[in-house]
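Visitor: Residue numbers (this note's numbering): 4 to 170.
No residue lacks a Cβ here, since even glycine has one placed at the ideal position from N, Cα and C.
#1: If distances are taken between C-alpha atoms only, which option among 142, 118 and 131 comes closest to residue 124?
#2: Buried or exposed for residue 50, please, with buried defined as at least 16 other CB atoms from any protein chain shown within 10 angstroms of its CB.
#3: Report yes or no: do three or more beta-carbon pairs, one from the region 23-42 and one from the region 58-65, lie closer than 8 Å?
#4: Between which two residues does the alpha helix (DSSP H) holding residue 52 run?
#5: Is the separation between the beta-carbon of residue 73 and that of residue 92 shorter than 8 Å?
#6: What does a CB cutoff of less than 6 Å around residue 58 pick up in its chain, not counting 5 residues either side in sequence?
#7: Could you check which residue in 32, 12, 13 and 44 has the C-alpha nearest to that of residue 23?
#8: Identify whether residue 68 lies in helix, strand or coil by the three-state DSSP scheme.
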């Protein structure tokens, strides 16, 4: 179905095209990145790679069976065995199970390769599909708050059941 690749310098052009093509789609459920994000994309991409090398974040692109970039799934603010999950799937690729598959894969990576013990995530209340993906992949609702003037649901997913050999 889909596969994850760790973000690299080689993904920059495809990632920028993905973000541009889906900007309006994403802005319907999360705050827009703003024009500066696109104008300064090359610098931002290099900064993300530096954060990844430092181990404070783990960034991934989501590739469809043809190798086309259809999403991204990220673990940010890695600290004390925990990280915040974020993901986005291209508008043309929604409804095909890509988000669920990507979140499942990154949860396994988080528990195994990255040795994390739990993930947190948020979903805009106006995006019930995102909350459904989180519930399907083992996240439980913690509560609700307001972020940038929007109601947001907060979730948590312990990773003990995904640890290799119960370690």
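Guide: Walking through what the data contain:
#1: 142
#2: exposed
#3: no
#4: 44-57
#5: yes
#6: none
#7: 44
#8: coil
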